[in-house]
Structures are given as C-alpha cells and as structure tokens.
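Numbering (UniProt numbering), first residue to last: 1 to 326.
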C-alpha cells in the first residue's frame, strides 16, 4: 500500500532534519577530533532548545567546541569572557541617556544573540552569573522594568573549570538546573592528539569553518523535533527515573520537574538524530547521565565514599523498570 501524504511528508522532514544535523556535526568534527559522542550531544541540546555546560580542565577544547558550533550556523553569535569584575549589565545590556533625544535608550548586551558563548562562567561572581537566569528559562531580558524578547533559536553554551581550581565560584543549584546537559571533553586519544598536532600545528581550522546551516533551518529543525512522538509509557518512564533520584539515600537533592522536561525534550532530539520519529526508553537511558547528574546534590555519606552523581544515575537506570514499548 502506498504511503499517505502525511507519512511521506513526515519521512521527508525527518530525512531533512538528519541531513542538516549531520552537516553541523561534520563541520564541528573538522575542528574537534575524536569527540563524536560529545559533538552529538551538543547538537542534541541545540535541537532540544536547551543550554549546554561544558566542564573540564583548561586546554582540552571547551571553548573550541562552543565556537565551532556557533560558526557552523549562520546566525548572530556573541562571546562573553566571564571575569570577577564583570557586571550583570555587561551581559544583559543597559539603559543609557541620550542627550540628543533627552530619553533613555536601551543598549542590548551580548545575550541578544542566537548563540551566546560564556567562557569560564564560574570565574564571575554569583551576582553576575544570575544575570543569565531569566534569559535561559524565559527567553527574555528585563532591564529597568522593560522586557525584551530573545529570538529563536537561543542557546547558551557555557564553559567552566572544575570548582577546585583557584579563582572559581561554584554555580548555584538554580543556575545548574537551567542547563539542559553538562558534558566533559576529556583528554583526546593519542591518535586524535597526533592528528590535532598535524592539523592545528600549521593552521587554525576554526578560521576556515564556514556556516553549513541557516537560522531558518535550525528553527525548522526545532519545530520538527517538537513533533517527535513520546508515548505515555515512555513519559511515565522519564518521570520514574527522575522521581527515583529524589528518593535516593545518596542524594540530598534530586532532580527537579524542569529536569524531567529537559530529559524528554532531549530524548526527542536524540531519537530524531537516530532517524526515528518516536522516542524509546533507550533514548532516555542514554541521556539520563548528561541531563540529570549536574542537578544532583550528593549526601555527606556519598561524598565520603566518593560516590559521584553519575554512579547514582547508573544505579537508578538499572533499578527502574523499563516499560514494554512496541
């Protein structure tokens, strides 16, 4: 039997989505060698309308990854170097008096871009970090009582050094909870590091990176992701996973309802990038660690036993019954 027009259109949209996403991934991989899993998760967060936190030691390519994603899309991009003396108005913008008109005029800050790269976010004070709270959650900025909308797509990609390093401030729970996922770059494999020396030693690949997708294409991808089907058993499975973190004796703070929403949104994008227009339990399992772990607060006993949140998530995944989805 021939496929109905609706099915054909859905299949075409899915093929277009995968093709565009693959172009973005390939562009990033031309700059970042040997990190295909990290790059896939980065694109997943973009299509899930989320924000990404990249934590690792200096020199492993955190900022390079953020810049590569930004340059692969033909859209406004702004970078903010977070420092201890940075002010909230340096991020959101400020109302300045115009002597010619006699009125105050709003001067937009760097947050008014489609992709905002926040470099070393935990080197700024908590007061400055909080300037991102409203824009990350509500896609808007309020200055002097006036609210300004942010255009879609809007994504914050923040890098941070481990909190044990000198001159850093730990991100508060409310800030961490607004990041859809947290990843670590890790050190490259010897073969990838050798290739890096060959490629980066003579030139800078980032300078040659050209956009491979437009803002309109990314908006269309996001719309397509919203249409990916999530069955009731899979939704219930996501809720059970998150609820289990709230009941774990190893955690003082479990994942929030916002975490459940981010997990399902990310699972939609993950499914689409796998060529499916529906979510399966495997999508949730693959994303549970990156999406949930940074939101959890370990108990003192867990810290004493050096049990990390990622280990708690792994135990939750093994313990929570998997629905029978057909």
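Note that CB positions come from ideal geometry on N, CA and C, so glycine has one too.
Sequence-distant residues of the same chain with beta carbon closer than 7 Å to residue i, five excluded per side
{"i": "residue 154", "result": "114, 139"}
{"i": "residue 1", "result": "Note that residue 1 scores 40 on pLDDT, short of 50, meaning its location in the model is unreliable; the coordinates nonetheless yield the value given after this. Answer for residue 1: no residue qualifies."}
{"i": "residue 36", "result": "29"}
Distance, residue j Cα to residue i Cα
{"i": "residue 316", "j": "residue 98", "result": "58 Å"}
{"i": "residue 91", "j": "residue 146", "result": "16 Å"}
{"i": "residue 232", "j": "residue 21", "result": "27 Å"}
{"i": "residue 103", "j": "residue 143", "result": "15 Å"}
{"i": "residue 207", "j": "residue 177", "result": "33 Å"}
{"i": "residue 311", "j": "residue 247", "result": "15 Å"}
{"i": "residue 30", "j": "residue 120", "result": "24 Å"}
{"i": "residue 100", "j": "residue 112", "result": "25 Å"}
{"i": "residue 61", "j": "residue 304", "result": "31 Å"}
{"i": "residue 256", "j": "residue 96", "result": "39 Å"}
{"i": "residue 243", "j": "residue 82", "result": "35 Å"}
{"i": "residue 170", "j": "residue 162", "result": "9 Å"}
{"i": "residue 297", "j": "residue 281", "result": "25 Å"}
{"i": "residue 308", "j": "residue 197", "result": "34 Å"}
{"i": "residue 187", "j": "residue 216", "result": "35 Å"}
{"i": "residue 279", "j": "residue 318", "result": "19 Å"}
{"i": "residue 189", "j": "residue 195", "result": "10 Å"}
{"i": "residue 249", "j": "residue 324", "result": "28 Å"}
{"i": "residue 289", "j": "residue 321", "result": "17 Å"}
{"i": "residue 264", "j": "residue 277", "result": "13 Å"}
{"i": "residue 63", "j": "residue 13", "result": "32 Å"}
{"i": "residue 270", "j": "residue 44", "result": "6 Å"}
{"i": "residue 48", "j": "residue 284", "result": "13 Å"}
{"i": "residue 131", "j": "residue 94", "result": "12 Å"}
{"i": "residue 74", "j": "residue 226", "result": "22 Å"}
From the options, residue whose alpha carbon lies closest to that of residue i
{"i": "residue 328", "options": "234, 309, 224, 246", "result": "One cannot answer for residue 328 here, as it falls past the ends of the chain, which runs 1 to 326."}
{"i": "residue 108", "options": "141, 128, 130, 43", "result": "141"}
{"i": "residue 210", "options": "151, 265, 186, 26", "result": "26"}
{"i": "residue 65", "options": "228, 205, 287", "result": "205"}
{"i": "residue 181", "options": "23, 42, 28, 270", "result": "42"}
{"i": "residue 23", "options": "13, 131, 213", "result": "213"}
{"i": "residue 295", "options": "320, 59, 37, 251", "result": "251"}
{"i": "residue 34", "options": "191, 226, 278, 277", "result": "191"}
{"i": "residue 174", "options": "159, 137, 194, 183", "result": "137"}
{"i": "residue 56", "options": "274, 301, 185", "result": "185"}
{"i": "residue 253", "options": "51, 130, 275, 172", "result": "172"}
{"i": "residue 52", "options": "299, 160, 283", "result": "160"}
{"i": "residue 286", "options": "266, 302, 301, 299", "result": "266"}
{"i": "residue 15", "options": "300, 183, 275", "result": "275"}
{"i": "residue 291", "options": "39, 19, 50", "result": "50"}
{"i": "residue 135", "options": "179, 168, 105, 106", "result": "179"}
{"i": "residue 168", "options": "183, 133, 129", "result": "129"}
Cβ neighbours of residue i in the same chain (closer than 6 Å, five flanking residues each side left out)
{"i": "residue 17", "result": "221, 224, 272"}
{"i": "residue 110", "result": "78, 80"}
{"i": "residue 293", "result": "309, 310, 313"}
{"i": "residue 116", "result": "78, 156"}
{"i": "residue 373", "result": "The requested residue 373 is not part of the displayed model; the chain covers only 1 to 326."}
Proximal residues to residue i (C-beta, below 8 Å), its chain only, five neighbours per side dropped
{"i": "residue 4", "result": "No answer about residue 4 holds up, because its pLDDT of 44 lies below 50 and its placement is not dependable."}
{"i": "residue 149", "result": "139, 140"}
{"i": "residue 219", "result": "152, 153"}
{"i": "residue 32", "result": "38, 39, 61, 64, 65, 68"}
{"i": "residue 54", "result": "62, 65, 66, 157, 158, 159, 160, 182, 183, 184, 185"}
{"i": "residue 133", "result": "174, 175, 178"}
In DSSP terms, what residue i is bridged to
{"i": "residue 155", "result": "115"}
{"i": "residue 54", "result": "159, 183"}
{"i": "residue 104", "result": "97"}
{"i": "residue 148", "result": "141"}
{"i": "residue 298", "result": "251"}
{"i": "residue 13", "result": "Its beta-bridge partners do not exist; DSSP assigns none."}
{"i": "residue 73", "result": "213"}
{"i": "residue 79", "result": "117"}
**Prompt:** Per the contact definition of three or more C-beta pairs closer than 8 Å, is the segment 117–132 in contact with the segment 84–93?
**Reply:** Yes: the two stretches touch, three or more of their Cβ pairs being nearer than 8 Å.
Using 8 Å as the cut-off, can you tell me whether the segment 55–70 makes contact with the segment 155–162, which would need three or more C-beta pairs spanning the two stretches below that distance? yes
**Q.** Validate contact between the segment 238–246 and the segment 256–269 using beta carbons, cut 8 Å, 3 pairs
**A.** A contact between stretches requires three or more CB pairs, one per stretch, nearer than 8 Å, and the segment 238–246 meets this requirement with the segment 256–269.
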